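Asks: Okay, handing you the structure first.
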Amino acid sequence: MLKTYSYPQFPYRQSAEQQSGTVRRHPVVVIGAGPIGLTAALDCAAQGIPVVVLDDNNTVSIGSRAVCYAKRPLEVWDRLGVAAPMVERGVSWKVGKVFFKDDLVYSFDLLPEPKHQMPAMINLQQYYLEEVLVDACERSTLVDLRWKHRLLSLQQHDDHAVLSVETPDGIFRMEASWVIACDGANSDTRRMVGAGFTGQFFQDRFLIADVVMKAEFPTERWFWFDPPFHRGQSVLLHKQCDNVWRIDFQLGWGADPDEAKKPENVIPRIQAMLGPNTEFELEWVSVYQFACRRIDNFRYGRVLFAGDAAHQVSPFGARGANTGVQDTDNLAWKLKRVLDGTSPLALLDTYHEERAYAADDNLLNSTRSTDFITPKSRASLRYRDAVLELAETEPFARPLVNSGRLSTPTPYLHSSLNTPDEAEFSGRMRPGTNCADAPVRVASRDDWLLHQLGGGFTLLCFGDAPAADGIEAGGAKAQVLVVGRDLVDADGVLTERYDGQPGTTYLIRPDQHVAARWRQFDAAKIQAALRRCLCL
Amino acid sequence: MPLIRTPHLSDPDGFYEELIHSQRGLTDEQAELMNSKLVLILANHIGDRQVLAEALALARPKAATQA
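Protein sequences, first through last, are from chains A and B.
Residue 1151 in the working numbering sits at position 49 of the first sequence, with consecutive numbering throughout.
Residue 84 in the working numbering sits at position 25 of the second sequence, with consecutive numbering throughout.
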């Protein structure tokens, strides 16, 4: 039992369909009410899709687990109306310190780019995050969240899947046009469809501990390479809310996890790390092991995979939950189109195309961090140590220190949904990137660009307003949004970030990604790009 | 600019002596660490990824399988 948190017990309710014994066909059933499953449900609801969520448990994450949420997922949650309580409760750190053996090597300030609504990242225990998401699901009339519902088996048919589900009242069957499997790294659903889950680059174990500090302790991220209190391994310390600190001890593959997590072994290690005068209480401790791998296809028939069920990465860089939220961000609007029959199945295959590409990018980054943190040979150990020793005095070596790179969104640069540029643009926006936020004024009030985007397609126009108020294709209408008329770029940040010379027009997807852009508003070209983005 | 593979050092004997003497009295482990630092320092000085890639390929044993 935690001292700072008591777990809610969500009530089990027997569903009407189980009670009456009628088999109902649902448009979407989500498996797993973790951060990704709950977000998937909210995004489906935002698209107007009624969605059932099944979870075999009846509470939130035990222990802190995922702790770090980056800007892009926070923006997605903001689009879904749930980011504010997360940001309010979460903790932001800016100063990081890197230690090697007995010494502080250097410290750094993250200096996040200003003029974004969302912080670069927050630290927040996963149970708080899930509480916010559960609450939003309970309030949604389209989300039917069912606790103590365990998926036993799944049969695929041409246009639906049949699910056999066990509850405290027994076993019943339900049908789903689509299933979104968000049941984690050990996904049963993945096994049920026989999907491959490969690319096992390495394996490691971590001991993770939540510790309550009795006195003030700086809000900084501390990373140790080969510290005296945990020889040959790495250790990470960072702050969460409620004065709870999270410590990750790398154990290596050879360590005995049961031995390692005994309090008599954990507490002296933490004391040695924090110093003899720091008083703390051990709140929760666990061992987890990870591998780096991904599913071979994000779609198996009528089952779509998201989050850890689709890809598992090392913990460095907070890539698990963060990339999972971007999976469902990518998926929900596509699923809506296919359910409505306004786009072909090919649109859902771009979910695999774009998110497998992102997963591979995450795996690459996470593998690079792991190779630095855990050198695999004597020579690479020497290089790692050489970098760390040089970093103490030589600024050139500091960018080589890799204790995990903060997760940033992978742009879909080669996506088949993009229409390539015909003109030169400066800045970071490109077809396939997520839209950078910028401060704007709307109806004489301070607001943010991203609040004006998302849900449907948008045409963001700089300069004179075009004659049309939108462009239609395949039942979708891209709404014109004119900078200077519908919103005001008071600080010039928006124009700078989008290289918004007069005439510039961006076609923006429902998931706030750039699909195409031009230097003039050309209705025929826009329509062609929109059709391409809808797989029409 | 490609990797320079023609003589480029002004005093080859002098440099070689300096290189060998720079590791005098070091254990094998210290010498390995020093060599690693030296590679990193020089790589940063060169900066050009293409040149560095050529140097890496040139240095790798011919008999070894491709990296």
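Each residue gets a CB set at the ideal place from its N, CA and C atoms; glycine is no exception.
None of these values were measured; they are calculated from a predicted model.
Is any beta-carbon of chain B found at less than 8 Å from that of Val1200(A)?
Replies: Not closer than 8 Å to any Cβ of chain B, the Cβ of Val1200(A) fails to qualify, so no.
Asks: Count Cβ pairs between the segment 1196-1212 of chain A and the segment 1106-1123 of chain A that sit closer than 8 Å; are there 3 or more?
Replies: Judged by Cβ distances under 8 Å, the segment 1196-1212 of chain A makes no contact with the segment 1106-1123 of chain A, as fewer than three pairs qualify.
Asks: Check each residue of the segment 1484-1502 of chain A: if its Cβ is closer than 9 Å to any Cβ of chain B, include it; give the result in chain order.
Replies: Flagged, chain order: Arg1484, Tyr1485, Arg1486, Asp1487, Ala1488, Val1489, Glu1491, Leu1492, Glu1496, Phe1498, Ala1499 and Leu1502.
Asks: The beta strand (DSSP E) that contains Val1184(A), what's its start and end?
Replies: Val1184(A) -> no beta strand (DSSP E), and no H or E assigned at all.
Asks: Would DSSP call Ala1618(A) helix, strand or coil?
Replies: Strand at Ala1618(A).
Asks: Looking only at its own chain, which residues have a Cβ that is under 6 Å from the Cβ of Asn1464(A), when we skip the five neighbours before and after it?
Replies: Cβ neighbours of Asn1464(A) beyond the five flanking positions: Val1415, Arg1421 and Thr1425.
Asks: If distances are taken between C-alpha atoms only, which option among Ser1279(A), Lys1196(A) and Pro1175(A) comes closest to Ala1186(A)?
Replies: For the residues Ser1279(A), Lys1196(A) and Pro1175(A), the minimum Cα distance to Ala1186(A) belongs to Pro1175(A).
Asks: Give the secondary structure of Ser1242(A) by DSSP, where H, G and I count as helix, E and B as strand, and everything else as coil.
Replies: The answer is coil: DSSP assigns Ser1242(A) none of H, G, I, E or B.
Asks: For the segment 84-101 of chain B, which residues have a beta carbon sitting closer than 9 Å to at least one beta carbon of chain A?
Replies: Residues Glu88, Glu91, Leu92, Met93, Asn94, Ser95, Lys96, Leu97, Val98, Leu99 and Ile100.
Asks: In this structure, how does DSSP classify Lys1438(A) when only helix, strand and coil are distinguished?
Replies: In the structure shown, Lys1438(A) sits in a helix (DSSP, three-state: H, G or I).
Asks: I'd like to check one pair, His1262(A) with Leu1156(A): are the Cβ atoms closer than 8 Å?
Replies: For Leu1156(A) and His1262(A), no; Cβs fall outside 8 Å.
Asks: Using DSSP bridges, identify the partner residues of Met149(B).
Replies: This structure does not reach residue 149(B), given that chain B is present from 60 up to 126, and the question cannot be answered.
Asks: Under a three-way DSSP split, which group does Pro1541(A) fall into?
Replies: Strand at Pro1541(A).
Asks: Report yes if the C-beta distance between Val1153(A) and Ala1168(A) is below 8 Å; otherwise report no.
Replies: Not closer than 8 Å, so no.
Asks: Should the segment 1239-1249 of chain A be called in touch with the segment 1564-1575 of chain A, which here means at least 3 C-beta pairs below 8 Å?
Replies: The segment 1239-1249 of chain A vs the segment 1564-1575 of chain A: no contact.
Asks: Report the rounded CA-to-CA distance for Ala1499(A) versus Phe1299(A), giving the unit in angstroms.
Replies: So the alpha carbons of these two residues sit roughly 36 Å apart.
Asks: Could you tell me which uninterrupted alpha helix (DSSP H) segments, each at least 4 residues in length, are contained entirely in the segment 1476-1524 of chain A, listed from first to last along the chain?
Replies: With a minimum length of 4 residues, the continuous alpha helix (DSSP H) runs that stay inside the segment 1476-1524 of chain A are 1480-1493.
Asks: For Lys121(B), is the classification buried or exposed, using 16 other Cβ atoms within 10 angstroms of its Cβ as the cut-off for buried?
Replies: Answer is exposed; the Cβ neighbour count stays below 16.
Asks: In whole angstroms, give me the CA-to-CA distance for Leu1519(A) and Ser1279(A).
Replies: Going by the C-alpha atoms only, they are around 24 Å apart.
Asks: Could you have a look at Gln1414(A) and say whether DSSP puts it in helix, strand or coil?
Replies: Three-state DSSP puts Gln1414(A) in a strand.
Asks: For Arg1587(A), collect the residues of the same chain with a Cβ closer than 8 Å to its Cβ; drop the 5 residues on either side in sequence, then sort them by chain order.
Replies: Excluding positions up to five away in sequence, the list reads Ala1567.
Asks: The beta strand (DSSP E) spanning Gly1139(A) covers which residue range?
Replies: It is not in any beta strand (DSSP E) - Gly1139(A) instead sits in the alpha helix (DSSP H) that spans Pro1137 to Ala1148.
Asks: If you draw a straight line from the C-alpha of His1615(A) to the C-alpha of Val1178(A), how long is it?
Replies: So the two alpha carbons sit approximately 11 Å from each other.
Asks: From what residue to what residue does the beta strand (DSSP E) around Pro1129(A) run?
Replies: It spans Arg1127 to Ile1133 - the beta strand (DSSP E) in which Pro1129(A) sits, taken as one unbroken run.
Asks: Sort out for me which residues DSSP pairs Tyr1171(A) with in a bridge.
Replies: Bridge partners of Tyr1171(A): Ile1224(A).
Asks: Would you say Ala1618(A) touches the ligand NAD, meaning its beta carbon is less than 7 Å from a heavy atom?
Replies: By its list of ligands, the structure shown contains no ligand whatsoever, and the ligand NAD lies outside what it can speak to.
Asks: For Gly1296(A), is the classification buried or exposed, using 16 other Cβ atoms within 10 angstroms of its Cβ as the cut-off for buried?
Replies: Classification of Gly1296(A): exposed, given that the 10 Å Cβ count is below 16.
Asks: Using alpha carbons as the reference points, say which of Asp1487(A), Trp1386(A) and Glu1496(A) lies closest to Val1313(A).
Replies: Checking every option, the nearest Cα to that of Val1313(A) belongs to Trp1386(A).
Asks: For Asn1160(A) and Tyr1114(A), which I take to be in contact (beta-carbon distance under 8 Å), what is that distance rounded to the nearest angstrom?
Replies: Contact flag correct, Cβ pair sits at about 6 Å.
Asks: Can you check whether the CB of Phe1327(A) is closer than 8 Å to the CB of Leu1490(A)?
Replies: A contact, by the Cβ cut-off of 8 Å.
Asks: Pick out whichever of Leu1182(A), Asn1467(A), Arg1532(A) and Lys1196(A) has its Cα sitting closest to the Cα of Leu1213(A).
Replies: It is Lys1196(A).
Asks: Could you confirm whether any beta carbon from chain D is found closer than 8 Å to the beta carbon of Val1197(A)?
Replies: Included in the structure are the protein chains A and B, with no chain D among them.
Asks: I'd like the span of the alpha helix (DSSP H) that includes Gln1373(A), first residue to last.
Replies: Run containing Gln1373(A): Pro1365 to Leu1376, per the alpha helix (DSSP H) assignment.
Asks: Locate the beta strand (DSSP E) running through Cys1635(A), then write down its first and last residues.
Replies: Premise fails: Cys1635(A) lies in the alpha helix (DSSP H), Ala1625 to Cys1635, not in any beta strand (DSSP E).
Asks: For the beta strand (DSSP E) that contains Lys1579(A), what are its first and last residues?
Replies: Taken as a continuous stretch (DSSP letters only), the beta strand (DSSP E) holding Lys1579(A) covers Ala1578 to Val1584.
Asks: Taking only three categories from DSSP, how would you classify Lys1196(A)?
Replies: DSSP places Lys1196(A) in coil when its eight states are reduced to three.
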